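Read the structure below first, then the notes.
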Amino acid sequence: MSDFSQQDVQILRREPGFRGFYQVDVLTLRHRLFAGGWGPELRRELFVRRDAVCVLPYDPWEDAVVLVEQMRVGALDKRASPWMLELVAGLFDEGESAEEVARREAQEEAGLELRELIPITRYFPSPGGSNEHVHLFCALVDSRGVGGIHGLAEEGEDIRVQVLSLAEARQALSDGRLDNAASIIALQWLLLNGRHVREQAGPRP
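Quick note on full-length UniProt numbering: the sequence shown kicks off at 1 and runs consecutively.
Below, the structure written as structure tokens:
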């Protein structure tokens with residue numbers, strides 16, 4: 001862990017850079033140096049966004065995962081198709097807990113009722129320019145009969161739900177078809193811990 005803390009950064013100015021669906025702030029700051037003293041003034045744009053929850057729904061009795069597919073603007077011009085396979089995910093609303101976000105988004109995006117929620121980790125996906133903090137979970141679900149098109153029409157969501165065996169998901173990970181951070185981290189965790197999760201789940205309720 002670093003010897004430095006929040007007190008070792010001085011924010012000299014914080015100005016609005018952009019306000020739209022998302023927000024960008026322009027910060028002028030300086031921070032202490034490893035060699036001692038203070039560094040020069042730096043101007044940095046910060047992508048300001050609510051924290052997020054991502055959930056890997058896992059059926060331990062079928063050894064299958066539930067993934068969602070939707071168009072992602074960040075993937076335009078970066079891959080053959082901007083439709084990506086991902087975890088169930090969403091942003092915090094004011095006053096919500098991470099568990100409440102997980103259950104709300106699972107219902108909205110996939111028609112899923114989550115059983116046990118297992119915390120995996122929390123992480124910053126891109127701290128060089130964004131303040132987003134992601135809460136990552138695995139959740140036990142019954143995947144039988146799951147599928148179809150979901151999402152909130154008022155939010156422009158068009159989400160297709162897919163159930164993959166864990167072996168199929170492993171292959172998609174190996175092939176690079178699963179190429180977003182939350183999905184990679186969660187599936188790698190499940191591949192390491194799936195046996196324990198299945199043992200703890202016991203017989204199907």
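Note that CB positions come from ideal geometry on N, CA and C, so glycine has one too. This one's a predicted model, so the numbers in the text were calculated from it and none came from an experiment.
Spell out the partners DSSP gives H11 in its beta bridges.
Position 11 of the sequence shown, counting from 1, holds the residue named residue 11. The residue asked about is misnamed: residue 11 is Ile in this sequence, not His. The partner list for I11 (beta bridge, DSSP) reads L29.
Shorter than 7 Å from the beta carbon of P127 to some beta carbon of chain C?
As a matter of chain content, chain C is missing from the structure shown, which is built from one protein chain.
Could you check what DSSP says for D63 in three-state terms: helix, strand or coil?
As a working note, residue 63 is residue 63 in the sequence shown. Residue state, collapsed to three classes: coil.
Using the rule of at least 16 other Cβ atoms within 10 Å of the residue's Cβ for burial, across every protein chain shown, is R87 buried or exposed?
Translated into the one-based positions of the sequence shown, residue 87 becomes position 87. Looking at the sequence shown, residue 87 is not Arg but Leu. L87 should be labelled buried.
I'd like the ranges of any beta strand (DSSP E) spanning at least 3 consecutive residues and lying wholly in the UniProt domain "Nudix hydrolase" (48-191).
52-59, 64-71, 83-86, 88-91, 117-123, 134-140, 148-150, 159-165
Does DSSP put G194 in a helix, in a strand, or in coil?
Looking up residue 194 in the sequence shown gives position 194. Correct three-state label for G194: helix.
Three-pair Cβ contact test at 8 Å for the region 157-174 versus the region 66-86
yes
Would you kindly check if the distance between the Cβ of P57 and the Cβ of V141 is under 7 Å?
Here residue 141 refers to the residue found at position 141 of the sequence shown. Here residue 57 refers to the residue found at position 57 of the sequence shown. Yes.
By how many angstroms is the C-alpha of G148 removed from the C-alpha of G128?
Residue mapping note: residue 128 aligns to position 128 of the sequence shown, counting from 1. Residue mapping note: residue 148 aligns to position 148 of the sequence shown, counting from 1. Approximately 37 Å between the Cα atoms of the pair.
Can you tell which of L91, A186, L46 has its C-alpha closest to the C-alpha of F18?
As a first step, residue 18 must be located in the sequence shown, where it is residue number 18. Among L91, A186, L46, the Cα nearest to that of F18 belongs to L46.
Could you round the C-beta distance between A10 and R30 to whole angstroms and report it? I think they count as a contact, below 8 Å.
Looking up residue 10 in the sequence shown gives position 10. Looking up residue 30 in the sequence shown gives position 30. It should be pointed out that residue 10 corresponds to Gln in this sequence rather than to Ala. With a Cβ gap of about 5 Å, Q10 and R30 count as contacting.
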